[in-house]
Amino acid sequence: MSAQLRLYNTATREVADFKPLVANKVGIYLCGATVQAAPHIGHIRSGLNFDILRRWLTATGYDVTFIRNVTDIDDKILHKAVHEEIPWWAVAAKYERAFSDAYKALNVLPPTYEPRATGHMTQMVELMQRLIDNGSAYAPGNGDVYLEVRKLKSYLTLSNQKLDDLQSAEDADLTYKKDPRDFALWKAAKPGDPSWPTPWGAGRPGWHLECSAMAHAYLGESFDVHGGGLDLIFPHHENEIAQSQSAGWSFANIWMHNAWVTASGEKMSKSLGNSLQVHEILKKVRGIELRWYLGGAHYRSMLEFSFDALEESSVNFRRIEGFLKRATDLLGATPEGIISAGFTEAMNEDLAVPTALAVISEILKSGNTALAANDLDEVKRAASEIRGALSILGCDPFDPIFATDSSSSAETLDGLISLALEQRQAARARKDFAASDAIRDQLAALGVVIEDTASGTRWSIS
RNA sequence: GGUCGGAUGGCCGAGAGGCGAGGCUCAGGACUGCAAAUCCUGCCACACGGGUUCAAAUCCCGUUCCGACCUCCA
257 MSAQLRLYNT
267 ATREVADFKP
277 LVANKVGIYL
287 CGATVQAAPH
297 IGHIRSGLNF
307 DILRRWLTAT
317 GYDVTFIRNV
327 TDIDDKILHK
337 AVHEEIPWWA
347 VAAKYERAFS
357 DAYKALNVLP
367 PTYEPRATGH
377 MTQMVELMQR
387 LIDNGSAYAP
397 GNGDVYLEVR
407 KLKSYLTLSN
417 QKLDDLQSAE
427 DADLTYKKDP
437 RDFALWKAAK
447 PGDPSWPTPW
457 GAGRPGWHLE
467 CSAMAHAYLG
477 ESFDVHGGGL
487 DLIFPHHENE
497 IAQSQSAGWS
507 FANIWMHNAW
517 VTASGEKMSK
527 SLGNSLQVHE
537 ILKKVRGIEL
547 RWYLGGAHYR
557 SMLEFSFDAL
567 EESSVNFRRI
577 EGFLKRATDL
587 LGATPEGIIS
597 AGFTEAMNED
607 LAVPTALAVI
617 SEILKSGNTA
627 LAANDLDEVK
637 RAASEIRGAL
647 SILGCDPFDP
657 IFATDSSSSA
667 ETLDGLISLA
677 LEQRQAARAR
687 KDFAASDAIR
697 DQLAALGVVI
707 EDTASGTRWS
717 IS
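Under my numbering, the first residue of the first sequence carries the number 257, and numbering increases by one thereafter.
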């Protein structure tokens, strides 16, 4: 059972064996950012959770094509452009950059392809043409194009809702829509708005069209996994399904949704302020620690954010890091990463990261014990298994992306501290503990922490 | 109104019929000149009320509270 990856599918509401459509290959489409504001930790959690999925699939031998789009044209971006008094495309570029920086800081791998909505207008127009031609969509003549949802019997099966149970929007305008629940594939241009030409008039895409068009462009009519946050199930993913299946494409095989980061029990939103933006939190903890925290909860569980919990998680991580550092010193080489059976079993069960962390804790314990006993084989095994696990979680401290800058002053620093440690050692040798402790305290005041071990004194910067 | 989650020890956070997840904190012990690091021991929890069962945190019924979505959302 441990050899078979099982994943939860929102569409069936159960965990089932993962069977790729094509042997040894996986196509994943993740709804990425609508680039209208700087990312908060909830946005980044989504990218992170799917990054772990992708790394796990890759590590277990799949050839993964991972698409994460950028939606760079939508209502909010236009509003923001007015507010910030810069062009809409400058808004999109600015926040796309902010997202890229955040992904990089948290070691979220770049997707195989990262398509932008504005780069796929042709594909969107083609899709609409197809939908109009087969009677699924209609253009009422005002420049809008709508999808007629009643024509698709499978509409709302992902969210398990009934069309007639939906509360219809109070401001639904039936001037052009046949049904208030029909949604806009395309919106007619308003004066001053950016627009692209179509056979039905100039305009811009509605929110959902771009994902169907881009998923089709890069992954074809059917693909393995479509992901996103829980809040995208309805309407975004339902509408993607509606468009794509109306076009005759079978679309995604498995739907995966990550849960939110909450604050005080509530879903994060802009009303909670900017303090939980990724770049703000990175002023307090390292990227690798933020990642360890955000990735540590199961992807389908809400993660209640607090700085206390973040700090606690960082303490735990530093312990693991400390072991790897000591093991590396003892072994005289960086351990290679290997994947242990326990870790595999946990990850294969719907990416049970919390269980995987328990596995890491056990390996850590035996590794530390082996370190004390100078059992090199066991130290090497433990360090390798831990490094292997950390690399899947994207938290490998030896990953160059997390490397602290090793400037030329590092050697000088090392020399200076060694000098102080030699003085301390001399004091200890003559049992002048007042002097030796004074040196230790002074170093501690500078942030240099000392540990006396059987093989000498180690130091690190806290 | 419809749909979907959740409530677990001081705190975080898994599990989903039996044999104490794990982490953090705290207390004690080992090691140490003292620290630090590490290891060991301790802290036997599952919102409430019924029920099923040899056995329920887990299944069933009911209740309370919290949250999410219903065309802006990761």
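Beta carbons are placed, not taken as given, at the ideal position from N, Cα and C, and that holds for glycine.
Because the structure is a prediction, the values reported are computed rather than measured.
Going by C-alpha positions, Ala289 is about 25 Å away from Phe563.
In the three-state scheme derived from DSSP, where H, G and I count as helix and E and B as strand, Thr625 is classed as helix.
Annotation: the continuous beta strand (DSSP E) that includes Thr713 extends over Gly712 to Ile717. Ranked by Cα distance from Val291, the options Phe355, Ile489 and His335 are led by Phe355.
Under the Cβ criterion (8 Å, minimum of three pairs), the segment 625-642 does not count as touching the segment 292-308. In this structure, the alpha-carbon of Ser622 lies about 19 Å from that of Ser711.
In the DSSP assignment, His482 forms a beta bridge with Tyr285 and Trp511.
Leu699 and Ala685 have their alpha carbons spaced roughly 19 Å apart.
Secondary structure at Pro610: helix, using DSSP grouped into helix, strand and coil.
Contact annotation: the segment 340-356 does not touch the segment 387-402, with fewer than three C-beta pairs closer than 8 Å. Between Met380 and Leu465, the C-beta spacing is below 7 Å. Under the 10 Å beta carbon count, Ser617 is surrounded by fewer than 16 other beta carbons and is classified as exposed. Ranked by how close their Cα comes to the Cα of Leu675, the residues Ala659, Thr713, Ile648 and Leu649 have Thr713 in first place. Taking 8 Å as the upper bound for CB-CB distance, Ala272 and Asn265 are in contact here, some 6 Å apart. DSSP places Ile648 in the uninterrupted alpha helix (DSSP H) bounded by Leu632 to Ile648. Rounded to the nearest whole angstrom, the CA to CA distance from Leu620 to Asp307 is 24 Å. With contacts defined as CB atoms closer than 7 Å, Trp516 and Gly298 qualify as a contacting pair. The continuous alpha helix (DSSP H) containing Gly598 extends over residues Ala597 to Asn604.
By the 16-neighbour rule on beta-carbons within 10 angstroms, Lys336 is buried. In this structure, the alpha-carbon of Ala395 lies about 10 Å from that of Ala440.
Distance from the Cα of Leu702 is smallest, within the candidate group Thr709, Ala691, Trp715 and Thr321, for Trp715.
For Gly459, the enclosing beta strand (DSSP E) begins and ends at Gly459 to Pro461.
Here Thr625 is exposed. Its C-beta has fewer than 16 other C-beta atoms within 10 Å. Contact annotation: the segment 308-326 does not touch the segment 443-452, with fewer than three C-beta pairs closer than 8 Å.
In its own chain, leaving out the 5 sequence neighbours on each side, no residue places its CB closer than 7 Å to the CB of Thr268. Bridge partners of Gln417 according to DSSP: none are assigned.
Around the beta-carbon of His482, 16 or more other beta-carbon atoms lie within 10 Å, marking it buried.
When secondary structure is reduced to three states using DSSP, Arg262 falls in the strand class.
Per DSSP, Phe439 is one residue of the beta strand (DSSP E) stretching across Phe439 to Ala444.
Sequence-distant partners of Trp456 (beyond 5 residues in either direction) whose C-beta falls short of 6 Å from its own C-beta, in its chain, are Ala395 and Val401.
Of the residues Glu370, Asp697, Pro610 and Phe573, the one whose Cα lies closest to the Cα of Ala471 is Glu370. In the pairwise beta carbon analysis, the segment 536-547 is classified as touching the segment 568-578: at least three pairs are separated by under 8 Å.
Residue state for Phe322 is assigned as strand, using DSSP reduced to three classes. Going by beta carbons, Tyr351 and Gly303 fall outside the 7 Å limit. The beta-carbon separation of Arg582 and Leu649, rounded to 21 Å, does not stay under the 8 Å limit for a contact. Note that the C-beta distance between Asp480 and Val282 is below 7 Å.
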